[in-house]
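A.B. asks: Provided herewith is a single structure, encoded as structure tokens, for subsequent inquiry.
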């Protein structure tokens, strides 16, 4: 996975289970990309972006969010294809809240309408 972070730019090569983004330095996550590999199933995901709202779903290897506009991500949804035997689980680190509970397939992680920055997330995939 790759992430575009305020004042840092693109950070690459995050792995499943790692924190994508930052904690404790008040930097917003602005965009991310979930990369495919032979062990990663087809995943769709979308972001709720400051001043834009919900974006359309994108597929593995595509960017969700914005770059060069200084807009924060506020929430995200991640979904594994229904033809794949498995589930995705993810949690988010939010401004003034900290870590959320774990969310599963396509649940909203983050806030909508509260103007809070999403600072980081962790993604894991369970295949059956």
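Residue numbers (our numbering): 243 to 370. Beta carbons: idealized from backbone N, C-alpha and C, even for Gly.
Drop a sphere of 10 angstroms on the beta-carbon of residue 366, count the other beta-carbons inside from all chains shown, and report buried for 16 or more, exposed for fewer.
C.D. replies: Mapped onto the chain shown, residue 366 falls at position 124. It counts as exposed.
A.B. asks: Measure the alpha-carbon distance for residue 350 versus residue 317 and round it to whole angstroms.
C.D. replies: Reading the chain shown from its first residue, position 108 is the one you call residue 350. Reading the chain shown from its first residue, position 75 is the one you call residue 317. C-alpha separation (whole angstroms): 7 Å.
A.B. asks: Apart from the five residues on each side of it in sequence, which residues of its chain come closer than 6 Å, Cβ to Cβ, to residue 383?
C.D. replies: Because the chain here runs from 243 to 370, residue 383 falls outside it and cannot be looked at.
A.B. asks: To the nearest angstrom, report how far apart residue 243 and residue 277 are at their CA atoms.
C.D. replies: The sequence position of residue 243 within the chain shown is 1, counting from 1. The sequence position of residue 277 within the chain shown is 35, counting from 1. Residue 243 and residue 277: Cα-Cα distance of roughly 5 Å.
A.B. asks: Following the continuous beta strand (DSSP E) through residue 286, name the residue where it begins and the one where it ends.
C.D. replies: The sequence position of residue 286 within the chain shown is 44, counting from 1. Element bounds for residue 286: 285-291.
A.B. asks: Hey, could you find the ends of the beta strand (DSSP E) residue 263 is sitting in?
C.D. replies: In the chain shown, residue 263 corresponds to position 21, counting from 1. It spans 261-263 - the beta strand (DSSP E) in which residue 263 sits, taken as one unbroken run.
A.B. asks: According to DSSP, is residue 300 helix, strand or coil?
C.D. replies: As a position in the chain shown, residue 300 is number 58, starting the count at 1. Strand, per DSSP.
A.B. asks: Using beta-carbon positions only, say whether residue 273 and residue 246 come within less than 8 Å of one another.
C.D. replies: Walking along the chain shown from the start, residue 273 turns up at place 31. Walking along the chain shown from the start, residue 246 turns up at place 4. Their beta carbons are under 8 Å apart, which means residue 273 touches residue 246 by this criterion.
A.B. asks: Excluding the five sequence neighbours on either side, which residues of its own chain have a C-beta within less than 7 Å of the C-beta of residue 249, listed in chain order?
C.D. replies: On the chain shown, residue 249 is found 7 positions in, with the first residue counted as 1. Contacts found: 269.
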